[in-house]
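> In the UniProt record's numbering, the protein residues as written are 1 to 1053.
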Amino acid sequence: MAFPASVAADLDRDCRDELVVGRDAGDNHRWFVFGDDPSGYALETRGGDGWGIAREALSVAVGDIDGDGRDEFAVGRDGAASQSVRVLLFDDANAGFGQIASLGNGWGAGRSATAIAFGNVDGDAALEMAVGRDAPDGMRFEIYDDRDANFAVLHTGGSSWGSDRRVTALAFGDVDGDGRDELVVGRSGGAVARPRWIVVDDAAGGFAEMIAAGASWGAGRRVTALATGDVDGDGFDEIAVGRDAGANFHWGVFDGADGNFALLQSGGDGWGTTRETTALALGDLDGDGMDELVVGRNGGSGVRVLTFDDAAAGFRMLEELASGWGVSRGVRAIAVGDPDGDFVDEIAVGRNGGSGPRWFVYDDRLRGFELLQDGGDEWGVGRAVNALAFRAARPSGMDSDVDGLFDVWEQAGIDIDCDGVADFTPPGADPDRKNVYVEMDFMTNHDPDDDAVNDVIAAFATAPVSNPDGSTGIDLVIDQDDQIPEVLDITTWDDVDDIREANFGTAAERADPDADKILAAKALVYRYALYAHARDGGKSSGRAKRGNFVVSLGDGWGRDASGHSVGTRRQQAGTIMHELGHTLGLGHGGGDNVNCKPNYLSVMSYSFQTRHIPNPGATGPRLDYSGLALPDLDESALNEGLGIQDGTDNTIFGTDGSTNVVGAGSGAIDWDQSGGIDAGTVPSDINFTTASACAASPGETLLGFDDWQNLFLPTRSAPGQPLDEVMFPEDEMTAEDAAAIEACATGEDSARCTMPPFEYAAKFVCGVQDDPETLRLTRGVYGTTVNVHNPWDRDALFYKKVAVAYPPAEQAAGDILQMGKDLLRYDEALKVDCEDIREKAFGGRFPTPYVEGFVVIQSFDSLDVTGVYTTAALIDDGAACCGRQDREVRNTGMEIVEIDERRKPRRPDPDPDPGAPDLLPEPVFAPPPSDAPGTLPQNYCGALPAGVPISTLQLHLRIRNQGDAGAGASTTTVLFSPSAQLDPVAGTVDLATPALAAGAAHEHVVDIPRRCFPGGGSGCSFRITADAAQPEDVAESDEGNNIAQSFCPGIAP
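1. Just to confirm before moving on: does the CB-CB distance between I677 and D685 stay below 8 Å?
2. Note down, in chain order, each residue of its chain lying with its Cβ closer than 6 Å to the Cβ of C15, except the 5 sequence neighbours on either side.
3. By DSSP, does K597 sit in helix, in strand, or in coil?
4. Which one of P927, W359, V1034 has the shortest CA to CA distance from G915?
5. Using 8 Å as the limit for Cβ to Cβ distance, is G665 near chain D?
6. Rounded to whole angstroms, how far is the Cβ of V167 from the Cβ of R196, which I believe are closer than 8 Å?
7. Pair every Cβ in the region 856 to 876 with every Cβ in the region 782 to 791, then say whether three or more of these pairs are closer than 8 Å.
8. For the structure I just gave you, are there three or more beta carbon pairs, one from the region 40 to 53 and one from the region 380 to 391, closer than 8 Å?
9. Let me know if Q1045 comes out buried or exposed under the rule of 16 or more other beta-carbons within 10 Å of its beta-carbon.
10. Out of E44, A695, I53, state which residue places its alpha-carbon closest to the alpha-carbon of R26.
11. What's the call for Y826, buried or exposed, on a 16-neighbour Cβ count within 10 Å?
12. Would you mind reading off the limits of the alpha helix (DSSP H) that contains I613?
13. When the Cβ atoms of the region 693 to 703 are set against those of the region 528 to 543, are three or more pairs found closer than 8 Å?
14. L775: which of D284, A809, A412 sits nearest, CA to CA?
15. Taking T278 as the reference, give the member of N28, Q265, A262, G299 with the closest Cα.
16. What are the boundary residues of the beta strand (DSSP E) that Q411 is part of?
17. If you follow the beta strand (DSSP E) that T973 is part of, which residue opens it and which one closes it?
18. When the Cβ atoms of the region 226 to 242 are set against those of the region 286 to 294, are three or more pairs found closer than 8 Å?
19. Is it a yes or a no for the region 353 to 362 touching the region 375 to 385, going by three-plus beta-carbon pairs under 8 Å?
20. Can you look up T506 in the DSSP assignment and give me helix, strand or coil?
21. How big is the Cα-Cα spacing for V331 and L293?
22. Considering T575, what are the terminal residues of the alpha helix (DSSP H) in which it resides?
23. Between the Cα of G428 and the Cα atoms of T734, D672, Y437, A422, which residue gives the shortest distance?
24. Relative to the C-alpha of A544, which candidate in H578, S565, G556 has its C-alpha closest?
25. How many angstroms separate the CA atom of L154 from the CA atom of D145?
26. Compute the Euclidean distance between the alpha carbons of T734 and S970, then round it to the nearest angstrom.
27. Between A240, T45, F653, which lies nearest to G22 when the distance is taken from Cα to Cα?
28. With 16 other CB atoms within 10 Å as the buried threshold, where does V20 fall?
29. Measuring only the C-alpha atoms, how far is P1049 from F249?
30. Does E888 pass the burial test, meaning 16 or more other C-beta atoms within 10 Å, or should it be called exposed?
31. So, with DSSP's three-state summary, where would you put Q709?
32. Quick one: is F3 buried, meaning 16 or more other Cβ sit within 10 Å of its Cβ, or exposed?
33. When we look at the beta-carbon of P910 and count the other beta-carbons within 10 Å, is it buried (16 or more) or exposed?
34. Between the C-alpha atoms of V802 and V851, what's the straight-line distance to the nearest angstrom?
35. Please name the residue in V253, F207, D244 whose C-alpha comes closest to that of T228.
36. Just the C-alpha distance for residue 1055 and V131, rounded to the nearest angstrom, thanks.
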């Protein structure tokens, strides 16, 4: 039988959906209503316990049939030996879930309500209801008017179908964009191939049949599920259709009336002939205003629930759910709705009988489809979910500019609790132009640079992104809000979540009597940013997660006029845009996390985060995301004559970890640094730069990516750790990384900008040690001056930092504190003394009476560096007055030490590659003789004794690990077909291949399906796939040699 698709119900008008569950026959209750997410899905009501043990709830649906803004719900049940009610209608929560109507008691014995749906066919305030049934004659579906019209029958259909046809699924949707819903009807197969689904127009269209489809499916195929939704944002609902087991596709998405109901996408072709779609739903799982597809399937191996993105994203696979159920468990119902009130849909899934829970609720895509709730594990092993319901229609509507803000929010404000009053209106919102909103709080001494913030806003305003009003660009609003006390180090994400909880929203919004509603509504559209000093005990520039990001430039970054480490204008602007980019769906490589790619010109790459994108023809480097997917670069075969094929921008690359090289955007690039442009191709590890995150990784294919066209604008803030470590990495750029990369920015036309190869570590001791009991340092006064001289007739650029040894008092590493960069012209000199160290490294005050460690100087040229050390003893003079011991300074001394020069070696390559396995299928037997191609055995085909029918032939195959490392256990799949095109499929077999050592092999013997030999001497074709599981069980050195296709010859009778 078909199991109805399901929807969610807002039964109490709080903008959060309740869940309605129908279950199969047995004792006790047959239907249940569970509360929304904040209630913990508490049971609110239930019924059907008096039906009799054989009766079951076949279908449930929800909808506002009386126009009061709260959903009612309907339960359809199976037939009985005597006349009885088939459909029961119940009021909303405010009315105590009282029964308001019953229908179908005149249908006759044995007739069942197989499907129910709610929709608005006449454009009034209340919804109508459609009911489908199974019957050998008479009507198969009816449309009933709303409650005010006393559920009068508006339309009856299906009377002429034939005795073997019944309704299997129903769905309402506005497929022609006229503001009124049409009805989609799915039906069963029959002895003759006829249409399997039809679309019936709304009341204004006289309920005329708009299309009848599926007549070519074959006589036995039927519709198992239907759903409607707007997958492409055009204002017309599309139709998703699921069908039963058999060959070819198992689900399809069809355009609305504007596209003549053309097939947009189909899937399930490779499932095998025993698998079928059992449930479908369309809902906005990511808040972008377009619906995603959820598909449920019956028992068997592999996953049971698949989610696919919208049409704009090409229906790409998003996530596979429910993979550990066991082969006998299958999906029976799916619903989408919003039980947590964040205006992004969650997924409810119901399954068949067995142990464990029978229904599950999964969170939305923004929160990684995390399991929120399950239930039904106490039902008894034989009980199953038959139907689920969450919602009749999405309350938020269209998002014309696809910025995550629904049109109604941008026009009238956000009504967070569905009371008819807007709780928050996004400032300057426009439904025809994209908007992005950020609230930015900041710690004392870390007020964001206004110019840096405006640089980011300007980059978005000029973005190459199209809007419905014909303009380009994105309106970015950054509200610099609360100043909070400075904390020198915070933990992500516990501290950030606490700070956000206390400070999100303006002071006025937090003080408002309706603060809870205002802030909840604002959080649907605003990202939250925190300007902090440092995070997680390191010197990272920041971190991001969904809806939140941190900028932390307070330790070793550029200083402001008061000496505080806050980051330069470029460092701030680049880091704001970089961390914001993570919340917009970008990784360090755009669509991946491969960093420092020279063919990816974006602030998301460490190469351009703080030095920005170089352009020798412009006044300075450009702050930008990538606006073009440049050609991919294969590091094993680089064409130096082509370069990156960008244009006027330059790029940065490296080959050895100690050098950054500027390459032209247009024209040839010496990728291997051989001193010339090579003919043909060369290998080179071109993203092995000075950045710590860009280590040796030879042989990669570096993918280009267009950031602006792939931004994911919707947002919802989530507490806790991020779920996506690619999009939200824990480690970010450090001040040391930035210093080396920014050296390239001093001259846009410089060919090379290396990590400074010359290093000097000068010991320093600064301050007073006045404790006669300590043995750490002799009692006295200590001073240090480090003199630096440039002996060359060219400018010398160098960086200074302090590696602190004391404090801490215990034997542990101290801080590394940046002191900035300096430039000396020919024969110039400067000093670094204790006053400089105190001001520039420690912010004006030493943390202890004295400090010691090393002044580290890193230079691009050899320098003269000398340390001058002065000391004096503290002597008590024996006299004391007023509780104070008099002291005098005696025995002063000075020592001058020339500081040794160290040439830094290149960063060593990481550990050599330990190797990888490589699985491939191979035949067991030799090929046939050229003059006798039908000889057996041959290749994969076994021996066939004389007189034995071809149907007993067996397939012999071997899976070999030809790699240089062991392979774990894997799955091998063989697909059989009587056609060389492998369509239709005669059968599919999954084989368990054990773990294989390097060079080892395992042989399988498989019975060939009888129907693979069609007769007349025709052969059986087959396709063997090693490591066939999805995702794959084994990470191989070559994933492209897993498949072999061949055939076994047939023998004429």
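We treat Cβ as the ideally placed atom computed from N, Cα and C, and that holds for glycine.
In this structure, then:
1. no
2. G341, D417, C418
3. coil
4. V1034
5. This model lacks chain D altogether, as it is built from one protein chain only.
6. Not really, about 11 Å apart at Cβ, beyond 8 Å.
7. yes
8. no
9. exposed
10. Contrary to the premise, residue 26 reads as Gly rather than Arg in this sequence. Minimum Cα distance to G26 is reached at I53.
11. exposed
12. Premise fails: I613 is in no alpha helix (DSSP H) and is neither H nor E.
13. no
14. A809
15. G299
16. Where Q411 is concerned, there is no enclosing beta strand (DSSP E), although the alpha helix (DSSP H) it sits in stretches over 407 to 412.
17. 970 to 977
18. yes
19. yes
20. coil
21. 15 Å
22. 569 to 583
23. Y437
24. H578
25. 6 Å
26. 41 Å
27. T45
28. buried
29. 28 Å
30. exposed
31. helix
32. Per-residue confidence for F3 stands at a pLDDT of 34, beneath the threshold of 50, marking its modelled position as unreliable; the derived number appears in the next sentence. Burial call: buried.
33. Only weak support is given to the placement of P910: the predicted model assigns it a pLDDT of 44, under 50, and the question is left unresolved by the model.
34. 11 Å
35. V253
36. There is simply no residue 1055 to check, as the chain begins at 1 and stops at 1053 in what is shown.
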